[in-house]
Structure formats: structure tokens, C-alpha cells
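Novice: Just so we're aligned, residue 7 is where the sequence shown starts under my numbering, counting upward by one.
Sharing a structure with you now.
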Amino acid sequence: MADTYTPPLPSFVRCRTLGHAWDTATPTRKPLFGVLMALQCVSCGMIREDILQPDTGELLGRAYHKPLGYKDVGIHSRAEWRVTFIGLATTETAPSENGKKK
Ligand SMILES: [Zn+2]
């Protein structure tokens, strides 16, 4: 069987480890009830749609629209994500012997 594992994108590792960095987004649809508040992660592009009761702010429903490949990785536990994140962080920020970033 061919090896089909593809390493997760660094943005996916970051979000899986630290959580998403939400910013407001323009809703792309009208909900059947309540008010739709759309958010998009500025790191990985995930979209979160919260349906809220307008007068109380109560959360009535929530949906996520994941970017392609976000869910298709072989890492499952938070600890595994942290290990992968540490590997990326040290590769990206470790200074070389002359003090400059790699
Ligand atoms: Zn994200």
C-alpha cells in the first residue's frame, strides 16, 4: 500500500495546538431563525457560524466549515499536536550558530 500521509500545514498545527484566531467575517447566508454571526480563523481559514438569539445572545446553533485537509491528518491527541508544534517552532525560530535565523 502506498504511503498517503501528508504532513499537516503549519497553520493547521498552530490552530490544533493553540486554538483558532477568530475574526469576524461576512455571513454568506441568512439563517432560518436567529442571527448568524460568522467568524473566520485568520490562520487556517476555518469558518465558524454561530446562530444567536438576538435579544438574549443565547447560542442556538454552531457549525464549522473546515479547510480542505484540516481533518485528514494522522495526529489525534493534544499532546501529539504540541509535539508537532514544538518541532515546527524550533525549526522556524532556532538561531543558527552565527546567531541568525535559519
Ligand atoms: Zn485556525
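For every residue, glycine included, the Cβ atom is placed at its ideal position computed from N, Cα and C.
All figures in this text were calculated on a predicted structure; none of them were measured in a lab.
Return the CA-CA distance between residue 88 and residue 40, expressed in angstroms with no decimal places.
Specialist: Residue mapping note: residue 88 aligns to position 82 of the sequence shown, counting from 1. Residue mapping note: residue 40 aligns to position 34 of the sequence shown, counting from 1. Straight-line Cα distance between these residues: approximately 37 Å.
Novice: Quick check on this structure: which residue in 33, 73, 80 and 72 has the alpha carbon closest to the alpha carbon of residue 109?
Specialist: Since the displayed the chain opens at 7 and closes at 108, residue 109 lies outside it and no answer follows.
Novice: Check this for me: beta carbons of residue 19 and residue 97, under 8 Å apart or not?
Specialist: Sequence index remark: in the sequence shown, residue 19 carries index 13 (1-based). Sequence index remark: in the sequence shown, residue 97 carries index 91 (1-based). Contact: no.
Novice: Regarding residue 71 and ligand 1, is the C-beta to nearest heavy atom distance less than 7 Å?
Specialist: The sequence position of residue 71 within the sequence shown is 65, counting from 1. Residue 71: no, Cβ never under 7 Å from ligand 1.
Novice: Go through the residues and name those whose CB comes closer than 6 Å to any heavy atom of ligand 1, in chain order.
Specialist: Selection output, chain order preserved: 21, 26, 47, 49, 50 and 52.
Novice: Report buried or exposed for residue 70, applying the criterion of at least 16 other Cβ atoms within 10 angstroms of its Cβ.
Specialist: Start at 1 with the first residue of the sequence shown, and residue 70 comes out as number 64. Under this definition residue 70 is an exposed residue.
Novice: Rounded to whole angstroms, how far is the Cβ of residue 52 from the Cβ of residue 73, which I believe are closer than 8 Å?
Specialist: Translated into positions along the sequence shown, residue 52 becomes position 46. Translated into positions along the sequence shown, residue 73 becomes position 67. Yes, residue 52 and residue 73 are in contact; Cβ-Cβ is about 6 Å, under 8 Å.
Novice: Quick check on DSSP: helix, strand or coil for residue 58?
Specialist: Counting from 1 along the sequence shown, the entry for residue 58 is found at position 52. Three-state DSSP puts residue 58 in a strand.
Novice: On the DSSP bridge list, what partners appear for residue 67?
Specialist: Here the question's residue 67 lines up with position 61 in the sequence shown. Residue 67 pairs with 57.
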